[in-house]
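Below is one structure; the comments refer to it alone.
Numbering (UniProt numbering), first residue to last: 1 to 271.
Here it is, written out as structure tokens:
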């Protein structure tokens, strides 16, 4: 919690001097009650994470690895947080299939392009998020009861459509597993800053390891430029989807919810 102290100069006001951190144990019992009620009111009034907004998180290369954490924030049950994440992932998969199929028909993506050959050090070796019930990070007992799919007689067009969908899913899997070196990206995009300055502002270290700072990525990485310089050639269908969906939330309440919940979870002010 960040609190505003009394002005130290006559010309200071609440917008011109720094806030100081106040920990929960510094509040009185009445203050803790007020704080808890305030947080509950804020959570109730911020928009829920919809499947569309979760898809936007997965389309932004800076935030897609934090998608499960974003689904888990707030006072939600384990079942609900799984539903938030999986519904967004399923929605994105179907949207990507539609876009990929259209681009294939319009010959913007070659039919003989082998996406599996594009693997590089930038890709992790994680399991496809569409290959097993456990791949989303939650156990689903109902799915564990399913055996192999039942084969049915299909037309040639249906088989072709399934092949295109499978290729689309492989592209989406590679996108979700992509791990750019954001320090290199920011170094190229911010020539006025030293690499060490960028490292301090973009990296967070704790007892579990080192992580990218989402706020640092937002400050120092121009994602539109990254899409243009690197993403366009490798993921044309993803870039098109990003242009469609990310443009809808550039100034929406969803971003306010994201930064509020980021502060609530990590105990740091986004300001």
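Every residue gets a Cβ at the ideal spot worked out from N, C-alpha and C, and that includes glycine.
Inter-residue distance for residue 36 and residue 63 is about 28 angstroms (C-alpha atoms, whole angstroms). Counting along the chain, residue 205 sits inside the beta strand (DSSP E) bounded by residues 203-206. Residue burial annotation: residue 78 is exposed, with fewer than 16 other C-beta atoms found within 10 angstroms of its C-beta. Counted as a single uninterrupted DSSP element, the alpha helix (DSSP H) harbouring residue 216 occupies residues 214-220. Burial check for residue 186: the Cβ neighbour count within 10 Å reaches 16 or more, so the residue is buried.
Inclusion of residue 96 and residue 172 in the CB contact set at 8 angstroms is warranted, their separation being smaller than that value. If you draw a straight line from the Cα of residue 237 to the Cα of residue 223, it is about 16 angstroms long. Just so you know, the alpha carbons of residue 163 and residue 241 end up roughly 20 angstroms apart. With respect to residue 59, residue 178 sits apart: the two C-beta atoms are not nearer than 8 angstroms. The three-state reading of DSSP puts residue 210 in strand, counting E and B together.
Counting C-beta atoms within 10 angstroms of its own C-beta, residue 56 has 16 or more neighbours from the protein chains shown and is therefore classed as buried. Counting the other CB atoms within 10 Å of its CB gives residue 211 a total below 16, which places it among the exposed residues. Annotation: the continuous alpha helix (DSSP H) that includes residue 172 extends over 156-177.
Here residue 227 carries a helix assignment [DSSP, helix/strand/coil]. In this structure, residue 168 places its C-beta atom within 8 angstroms of the C-beta atom of residue 100.
Within the model, the alpha-carbon separation for residue 233 versus residue 106 is close to 17 angstroms. Shown here, residue 236 sits in a helix according to DSSP, grouped into three states. Under the 10 Å beta carbon count, residue 82 is surrounded by 16 or more other beta carbons and is classified as buried. Between the alpha carbons of residue 72 and residue 194 lies a distance of about 35 angstroms.
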